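Worksheet: the structure to be examined is printed underneath.
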Amino acid sequence: MHRYILTRVLHTIPLLGGISLLTFLLLQLTPGDFLNQMAENPGISPATIEAMRRNFGLDRPWYVQYGLYLRNLVLHFDFGESFSRHQPVFTVLREGLGNTLLLAVASAAVTWGLALPLGIWAAVRQHSWVDRLLSLVAFVWLSIPEILSGLLLLMLAARTGWFPVGGMRSLDFDELTAWGQFLDIAHHLALPALVVGLIPLASRMRQMRSNLLDVLRLDYVTTARAKGLDERVVVFKHALRNALNPMITLFGYTLGALVSGSFIAEIIFSWPGLGRITLDALLTQDQYLVMGSVLMASLVLILGNLVADILLAVADPRISYD
Amino acid sequence: MNEPLLRVEHLVTEFVTDTGRIRAVDDVSFELGAGETLAVVGESGSGKSVTALSLPRLVAQPRGRIAGGRVWFQGRDLLALPDADMRQVRGRAISMIFQEPMTSLNPVFTCGDQVAEAVVLHERLSRRAAQARAVEMLAKVGIPSPEQRAREYPHQLSGGMRQRVMIAMALACRPSILIADEPTTALDVTIQAQILELIERLKSEMGMGVLLITHDLGVVAEHADRVAVMYAGQIVEQGEVASVFRGPWHPYTAGLHASLPRLGVRQEHLRVIPGAVPNPARFPAGCRFEPRCPVRAEGCGQPQPLVSLDGDRLSRCHRAGAFAAGTLDPAGAEVRA
Amino acid sequence: MEPEAPPDSPWRIFRRQLRRSPLAIAGGVVLGLFYVLALFAPFLAPYPEDAMDRERYFHPPQSLRWVGPDGLHLRPFVYATTLTDAGGFVYDEDPSRPQPVRFFVRGSAYALLGILSTDVHLFGVDAPGRIYLFGTDAFGRDVLSRLLFGGQVSLTVGVVGILISFTLGLLLGGISGYVGGLTDTAIMRGTELLLSIPSLYLIIAMRNIIPIDLPSQQVYLGIVAILAFIGWASLARVIRGLVLTIRRSEFVTAAEALGYSRLRIIARHILPNTMSYVIVAATLSIPSYILGEVVLSFIGVGVQEPSASWGNMLNQARSIRALTSFPWLLYVPGAAIFLTVMAFNFLGDGLRDALDPRRTTGGRA
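See the structure below:
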C-alpha cells in the first residue's frame, strides 16, 4: 500500500514538470509580452521599457527563462513575481486558491449532500413516481449549462435581494462579529456553490441509484434478508457499503474537476478565486502568475485523483496494490 | 410420524413478467419433521428454488408474490405473519444457505462479523459475546484456526471454507429448520461430500429438519430421508427415498433415474428424456409431462391430482396404480409379466 | 419447429430501435430545424447583425397581433412604439400606429448560401417602422437577427470541432492501441498531460496565443482549433482501449497475414468497429464544444463584437441592470443554448440505446 502511494506520488512529479513546460511554451508563443501595454503608452520611453525588460529577464532565450523558473521553484518554492501586482506569485495565488477551494468544498457538499440521499431514495422506490420524477429532473438539469444556471440565479438574487449579487464579503465585513463574518461569507457562497454543485448532481444521483440497484440484486443481500435483518439495515449497512465504493473514486475526481468548474461561477458572481486571477493574468500576460496558477489548478486535480485512488484501496478489501 | 416441524399446504408462488403471469410454484404441499432431511429435486426451472425462497418469504417483490397456500410453523401460518414477526423467524427459527458462497457473503465484512451479526440480532448478545460465539460456530463447522479465519474476508477463503462459513452463519442461532438451496452445486466433488456430511452431523446434533434443494439424484440417495420430485412447478412424486428409487411411481422420476449412468453397466448412449420443459406461461391443462411421457394414454389430458397410494407415497400420475402393481413400467420398457 | 427468419441487417435494427425513442427523434428534429434556420439566417433575419438602431436601445420584444382596436386583421401586425422614459428605456405601444408585417420584403443585401446575391428577407415592416420580435440590445441591434447569425457560429463550432478532434483522437488512439510500445507510451503520456490540466484553464491559455484583433473568421477557426486540441485526449484513451480488444480478433490477424500496412489495418479494419461508440460519443460531446465557444465569447476572448455569437449575446445579459430590467437578453440566447444542448443529449441517449449491442441482438450477445 505504501509502495503504491509512493509510486503514484513520484509519478506526479514528471507530470507536473510536463505541465509547467507546456504552460511556459504556450506563454512564449503568445505574441508580445506583459510590457506591450506599457509600450503603447507614449509617456514611457523605449529605454525604460528595455530596462524593465531586462529587469524581468524577458530578453533571455526561452529555455534560459524556463530553467531559471524551475530552479527557483524547486529550490526555493519561489513561483516568481507577478508583474501586474508587484507581489510574489505565491502570495497572490494563495488567497485565490483558498477561496476557490472553499467554493469547491461547498459545492461538493451541495452535490453529495443531495446526490446520495436522492439516489438512494430513487433506488429504493424504483419505478415509482418519485423515481421517474427524479430521473426527468436529472435529465433536464444535465442539459442546463453552468453559464445559464449562473446567470439565472444571479437574476434571482438581483430581483429578490435574498442573496448578494457578487463578491465574497459585504462592505461592512470588518465590523461584523466572528460569527457574523462566517454567516456573511456563507451567504455570499450560497449561490455560486449551488451553481457549481448542481452541475455534477444529476449524473452522481443516477450513478448512486444505479449502483445501489445493482447491489440490491446481488446474492449477499438475499443472505442478509434471510438472516432476518430489517430492510433498512439491509439497505444501509449491507448494500450501501458496497454501492458507495465506486462513488468514492468519483468523489476524488469530482473535487479536482470542481476547480475547473468553478471558473465560470467565479466570473459570474465575482468570487475572488483562482479562476478570476488566472483570467486577469492571462489578459495582461502576467507570465509567472499564469504559470503558477495553471500549475496550482493542475496540482489540485492530480491530488484529487490520487486521493480518490487511495480511498478506494482503503475502502475495498478486495483490491490490493502490491 | 409425530407432529411435523413444518407443514406446507397448497403453496402457490407467481411471477409477473412482460409475457404474462407465471406460476413458478403450483400447489405444492409437504411436511418436514425434526431430525429428517427432505430433498426437493428437479431440473432448472422446476420451481424448487422458488419453493425454498417462498418459505421464509424471500421471493423478490414486487414481481414475485406468494399467491396462495399456508405454511404452518410453530402453530402459525408464516404467510400471514406481519413483516416484523417474519423477520424474527428468519435466521433464528428458519435459516437458509445458498448455492454460491462467494457471492452470498458480503465482501466488505469479515467472516466473523457476518456470523456474529445474526447472533447480535436475534439473541441480543454483546458484540464481544457474539464474536466469541461466531468463533465457536466456525470451529463447529470444521474450520481450522477459527479465530484467524473470523478476522478474514470472504475472498481470502476457498469455496469449501466459504460454504462452511455460510453454514456457521445459518446455524449460529440454532434454528429448527435449515433450508439448503443447492449448497454443493458450486463446489468440487470431494468438498461436496464433506459439506453434506457436515450438514447431516449438525442436523442430528441439533435435531433440525433440513430441506435440501438439489438437482443431483446421487445427493438425494445418500443424504435424504424423503424426497419430493418437482416438475414444471408441481410435485409429481413424493415419498421415502429408498422406496421411490427402488420403484418410481411417476414417469418423470423414472426418466430421471434412468438417465443416470450406472457403474458396471455398459451403455452405448446415455438415456435422455426427449423434449423440453414446457413454457411456464402456457402450461397445458392436463399432465404437464405428457408430451415427453413414454407411457402416455387416454386420461392424460385431464388435470392430474396428487394422490396417495400407500401411506405417504404420493404420485401425480393416474397410472400410478399400475406402476405400483408392477404391471406397467413407468420408464416405458417392456414388462415381463 | 418453425424456420427462423433471416436476421435483420444492422441498419434495419438501428432504425427500428431508434423509432422506439421519441425523445431522440424529437431531438433530431429540433436540431435539424436549428441548423436549417442557421443556414438561411440572412434570409430569415430582418436586419443585419450589426445594424444599430440609435433610437431604440433596450427595446422589449414586440407582440405579434391579429386583433386591433378595429377588429381582426388578415395580416399579423405589431404596434409602433414611442420612448416614454429615456433613462429607464421604457417604451409604450401606440395603438394608433399598427405596422402590418409584410413577407418577402426587400432589405439589406447579402449572399444566400454564400453564392446567390439577393436582398429578399422573409418578413419585415414598412420603413421607417421596425419589428423587433425578440427586442433589441444595448446597441439597438435586433436580438432575433443576432440570434440567427449567432447560431451560425455557435452551432457549427461544435460540428467542425468534433470532426477535427475525433479524427485526431481516432487516429492517435488507434495507433497507440495497435502499435504499442514507445509510441503508445508517448501518446498516452501526452493525453495524461492534457487531461491533468483543468480544461478551462488550458483553453484560456491557448486562446491567448491568438491575437485579439484578427478578423473574425480566423478567430473562429482559432477557437475551433483550441477546443479540438483539448478534446482529442479523452477520446484517444477510450479508442485505445477498444482497439486493444479488437486487435485480438481473427479478422485482424487475417489482414496482417495478407500483408496489409499497419495504417491500413488500423484505419480500415479496426476503427470501423469502434463506430457505434464513436457516433454516440460525438453526439454527446458536441454540446461541450458549443459551450466552450459560448464561455470564451462570454468572457470576451471568443467571437468579437460586432459579430454575433450566442456567447457574446449572453455577455450583454451579464449586468445587474440587464438581468432585472431587460431579461429577454438572457432568455432568448439562453433558451436557444438550452434547447440545443438538450436536443443533443436526447439524440445521443437515443442513439446509444439504439446502438447498444445487447438490444440489437435481442439478448443473444
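The listed protein sequences correspond, in order, to chains A, B and C. Residue numbering for the first sequence is 0 to 321, as defined by numbering that gives the first Met the number 0. Residue numbering for the second sequence is 0 to 336, as defined by numbering that gives the first Met the number 0. Residue numbering for the third sequence is 0 to 364, as defined by numbering that gives the first Met the number 0. Think of the CB as a built atom: it goes at the ideal place given N, C-alpha and C, for glycine as much as any other residue. Note that the structure is a prediction, hence the values are computed from the model and not measured.
Contact set for residue i: own chain, Cβ-Cβ below 7 Å, skip 5 residues either direction
| i | result |
| --- | --- |
| B/VAL24 | LEU10, VAL11, THR12, GLY46, VAL49, THR50, SER53, GLY232 |
| C/ARG129 | ASP52, ARG55 |
| A/PRO271 | GLY95, ASN98, MET167 |
Min CB distance residue i to chain C below 8 Å
| i | result |
| --- | --- |
| A/SER19 | no |
| A/ARG158 | yes |
| A/ALA296 | yes |
| A/PHE262 | yes |
| A/LEU302 | no |
| A/MET167 | no |
| A/VAL88 | no |
| A/LEU188 | no |
Residue i: first and last residue of the uninterrupted beta strand (DSSP E) it sits in
| i | result |
| --- | --- |
| B/ARG281 | Element bounds for B/ARG281: n/a, residue is neither H nor E. |
| C/ALA254 | Not the beta strand (DSSP E): C/ALA254 falls in the alpha helix (DSSP H), residues 249-256. |
| C/TRP397 | Residue 397 of chain C is absent from the structure shown; chain C starts at 0 and stops at 364. |
| C/PRO75 | 70-84 |
Cut-off 8 Å between Cβ atoms - residues of its own chain near residue i, not counting five sequence neighbours on either side
| i | result |
| --- | --- |
| B/MET160 | ILE142, ARG148 |
| C/GLY87 | SER324 |
| C/LEU350 | LEU17, ALA23, ILE278, VAL279, THR282 |
| A/TYR252 | GLY303, ASN304, ALA307 |
| B/VAL58 | THR12, VAL49, LEU52, ARG64, ILE65 |
| C/VAL251 | ILE245, ILE264, HIS268, ILE269 |
| C/ARG105 | ASP118, VAL119, HIS120 |
| C/PHE102 | LEU121, PHE122 |
C-beta neighbour in chain A for residue i, strict 8 Å
| i | result |
| --- | --- |
| B/VAL15 | no |
| B/HIS121 | yes |
| B/GLU135 | no |
| B/GLU423 | Here chain B has residues from 0 to 336 only, and residue 423 of chain B is not among them. |
| C/PHE228 | no |
| C/ALA353 | no |
| C/GLY362 | Below a pLDDT of 50, predicted positions are generally treated as unreliable, and C/GLY362, at 35, falls in that range; the measurement from the model is reported next regardless. Not closer than 8 Å to any Cβ of chain A, the Cβ of C/GLY362 fails to qualify, so no. |
| B/GLN87 | yes |
| C/MET0 | Unreliable placement is indicated for C/MET0, whose pLDDT of 45 sits below 50; no coordinate value is reported for it. |
| C/PRO60 | no |
| C/GLU191 | yes |
| C/ASN344 | yes |
| C/THR184 | no |
Beta-carbon contacts of residue i that lie in its chain and below 6 Å, excluding the five residues immediately before and after
| i | result |
| --- | --- |
| C/TYR131 | HIS58, GLN61, ASP141 |
| C/GLN151 | ALA37, ALA40 |
Strand pairing of residue i, partner residues [DSSP]
| i | result |
| --- | --- |
| C/GLN303 | DSSP lists no partner for C/GLN303. |
| B/GLY19 | B/THR16 |
| B/LEU313 | B/GLN237, B/SER307 |
| B/TYR230 | B/GLN233 |
| B/GLU297 | For B/GLU297, which the question treats as bridged, DSSP gives no partner whatsoever. |
| A/VAL86 | It is worth fixing the name first, because residue 86 of chain A is Gln in this sequence and not Val. Note: A/GLN86 sits in a beta bridge opposite A/SER81. |
Proximity test, Cβ basis, 8 Å: residue i and chain B
| i | result |
| --- | --- |
| A/HIS237 | yes |
| A/ARG231 | no |
| A/ASN332 | As displayed, chain A neither begins before 0 nor continues past 321, which places residue 332 of chain A out of reach and without an answer. |
Host alpha helix (DSSP H) of residue i (start-end)
| i | result |
| --- | --- |
| B/GLY146 | The sequence given here places Glu at residue 146 of chain B; Gly does not occur at that position. Here the alpha helix (DSSP H) through B/GLU146 covers 145-149. |
| C/ILE161 | 142-178 |
| B/GLN155 | First-last for B/GLN155: undefined, no H or E at that position. |
| C/PHE103 | Note, C/PHE103: premise wrong, no alpha helix (DSSP H); beta strand (DSSP E) at 89-111. |
| B/ALA79 | First-last for B/ALA79: undefined, no H or E at that position. |
| B/ASP180 | No alpha helix (DSSP H) contains B/ASP180, which is instead part of the beta strand (DSSP E) from 176-180. |
| B/THR252 | 250-258 |
| A/THR221 | 218-225 |
Residue i beta carbon near the ligand COA (any heavy atom closer than 7 Å)
| i | result |
| --- | --- |
| A/VAL214 | This structure lacks the ligand COA, and indeed carries no ligand of any kind. |
- Check distances from the C-beta atoms of the region 133-144 of chain A to those of chain C and list, in chain order, the residues that come in under 8 Å. PHE138, VAL139, LEU141, SER142, ILE143, PRO144
- Task: Taking a Cβ distance cut-off of 8 Å, strictly less, list which residues of the region 210-229 of chain A are near chain B, in chain order.
- Result: LEU217, ASP218, TYR219, THR221, THR222, ALA223, ARG224, ALA225, LYS226, GLY227, LEU228, ASP229
- Residues, ordered as in the chain, of the region 193-225 of chain C that lie near chain A by beta-carbon distance below 7 Å: SER195, ILE196, PRO197, SER198, LEU199, TYR200, ILE203, ALA204, MET205, ASN207, ILE208, PRO210
- Item | Within 8 Å of chain A by C-beta, residues of the region 170-182 of chain B in sequence order | none
- Residues in the region 284-295 of chain A having any Cβ partner in chain C nearer than 8 Å: GLN284, VAL289, SER292, VAL293
- With 8 Å as the C-beta to C-beta threshold (strictly closer), list the residues of the region 154-168 of chain C near chain A in chain order. none
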